[in-house]
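The next block holds one structure in the form of structure tokens; read it before the comments.
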Amino acid sequence: MLQFSDMLKLGVYIQVPFCQTKCTYCNFHTGVVSSGRFAPYAEAVCLEIGEHRPLLEGAGVRLRDALGAAQLAVDTVYVGGGTPSLLEAGLLRQMMQTLAASFSCSLEEVTLEADPETIEEEQTAAWVAAGFNRISFGSQSFIDAELKAAGRMHRREHIYRAVPILRAAGIQNISFDLIAGLPKQTHASWRQSLQEAVSLGPEHISIYMMEIDEGSRLGREVLQGGARYSAKELPSEAAMVEFYGLAQSELRAAGYAQYEISNWAKPGFASRHNQKYWQRQPYLGFGAGAHSFSGMQRWANRHDAAAYVRAITEGNSAVETLDAVTSAMALEEELFLGLRQLSGIDLPRIEREYGVNFTASVAQLAASGMVERHSGRLRLPPERLSVSNEIIVELLRSLHATV
Ligand code: SF4
946 MLQFSDMLKL
956 GVYIQVPFCQ
966 TKCTYCNFHT
976 GVVSSGRFAP
986 YAEAVCLEIG
996 EHRPLLEGAG
1006 VRLRDALGAA
1016 QLAVDTVYVG
1026 GGTPSLLEAG
1036 LLRQMMQTLA
1046 ASFSCSLEEV
1056 TLEADPETIE
1066 EEQTAAWVAA
1076 GFNRISFGSQ
1086 SFIDAELKAA
1096 GRMHRREHIY
1106 RAVPILRAAG
1116 IQNISFDLIA
1126 GLPKQTHASW
1136 RQSLQEAVSL
1146 GPEHISIYMM
1156 EIDEGSRLGR
1166 EVLQGGARYS
1176 AKELPSEAAM
1186 VEFYGLAQSE
1196 LRAAGYAQYE
1206 ISNWAKPGFA
1216 SRHNQKYWQR
1226 QPYLGFGAGA
1236 HSFSGMQRWA
1246 NRHDAAAYVR
1256 AITEGNSAVE
1266 TLDAVTSAMA
1276 LEEELFLGLR
1286 QLSGIDLPRI
1296 EREYGVNFTA
1306 SVAQLAASGM
1316 VERHSGRLRL
1326 PPERLSVSNE
1336 IIVELLRSLH
1346 ATV
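At position 278 of the sequence shown the residue is numbered 1223 (the working numbering), and the sequence of numbers has no breaks.
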């Protein structure tokens, strides 16, 4: 009989696309809706999880070919959004129970994204009882003027109030999100946010570089002018590079090891779930706009939450896009995703598996300091990570020229 330890371990992602307000920089497919829509949405997610095999096979996903016919094993869950902590704990518990009934589960890491102002004692205890053992906490900044300019609901005091509540409930794995490049942010205020975050002792810290997207209110103000969202007070690109370097040095000094472009952790607390994305391990996504990967195919559900609920409750799949992963695509993913990690990529394995030889191009890139070899692996130099996209694109270009 197959033991859990022998089974292929899947990550499960559940998307909850609802927020209390829309942050000025946000371009995600999330909406501010009445709380009356939460329960029908959670029911649809449970239906989708319970019926995943027939729904996916009906949509053309070749789950059996990619992952086998046996019951699938799940060891990590990530409930993200949006602001999933807005949902009543009972709805989150229902989702977890449905997962346990539908998959062979031995859950090691179960993350809930939560915003500081949504943390309450009773609710946190209910999350723990439902099986959540990691909270990813949308702190973003410790400076009220920056939080306000970004349209966030919480303030610094909410973060200080929330952390002891989480600890008292037994959460031993807290991750903070911080954003580098918020309007009004300065070198001094960024240093203060980093230092205050560290002083609260989270096990994990994610630093996201602000990306200005024309689909956000802030992005439109950058393009069209105006003063409502403080677009004129955005830090310069040069300042952003400095902010990233400051984060690297402050967090290293505080005992956090960087393991990915945007992620730092105390020993043993690197996110198991998120590493699956970068290591191209399979994961299933449920909910509106959720993405999935089987190793052979990538697919995504429709974004519109109402259309998603309608499709699922009518017994139809919500899959909107489905792509076979060709060998060329898989190779690009290996490089793009793998080089996000500080441990880099196992180049000999990739050369073997894809029948390619990168010796000449890697030597050239290494000579110009764009990549380095480290313990038999290829990686980006840590001090070049803030411009990683440009380097990876350059790497792909030079590799294509030699394939
Ligand atoms: S909380 Fe997150 S998903 Fe919601 S509006 Fe703000 S940035 Fe967007």
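Glycine is no exception: its CB is placed at the ideal position from the N, C-alpha and C atoms.
query, result
"Assigned exposure category for D1060 - 16 Cβ within 10 Å defines buried", "buried"
"Same chain only: Cβ atoms within 7 Å of C971, ignoring 5 sequence neighbours per side", "S1161"
"DSSP three-state assignment for L1287, whether helix, strand or coil", "coil"
"Contacts around D1158, its chain only, beta-carbon distance under 8 Å, and the 5 residues preceding and following it disregarded", "Y970, N972 and G1164"
"Sequence-distant residues of its chain with Cβ nearer than 6 Å to L1292 (five each side left out)", "L1323"
"Span separating the alpha-carbon of V977 from that of Q1117", "31 Å"
"Best match in S1181, G1190, R1106 and G1171 for proximity to R1136 [C-alpha to C-alpha]", "G1190"
"S980 versus A1256: straight-line alpha-carbon distance, rounded", "20 Å"
"Buried or exposed (CB count within 10 angstroms, at least 16 for buried), R1372", "There is simply no residue 1372 to check, as the chain begins at 946 and stops at 1348 in what is shown."
"Where F1206 sits in the DSSP three-state scheme", "In the sequence as displayed, the identity of residue 1206 is Ile instead of Phe. If DSSP states are grouped into helix, strand and coil, I1206 belongs with coil."
"Contact under 9 Å by Cβ, T1021 with L1052", "yes"
"Best match in A1142, S1084, S1181 and Q1068 for proximity to K1129 [C-alpha to C-alpha]", "S1181"
"Closest Cα partner of Q1226 within the set A1233, G1232, G1234 and R1217", "R1217"
"Coil, strand or helix - E1265 by DSSP", "strand"
"Element boundaries [alpha helix (DSSP H), containing H1103]", "R1101 to A1113"
"With 16 other Cβ atoms within 10 Å as the buried cut-off, status of S1331", "buried"
"With 16 other Cβ atoms within 10 Å as the buried cut-off, status of R929", "This structure cannot settle anything about residue 929, because the visible part of the chain is limited to 946 through 1348."
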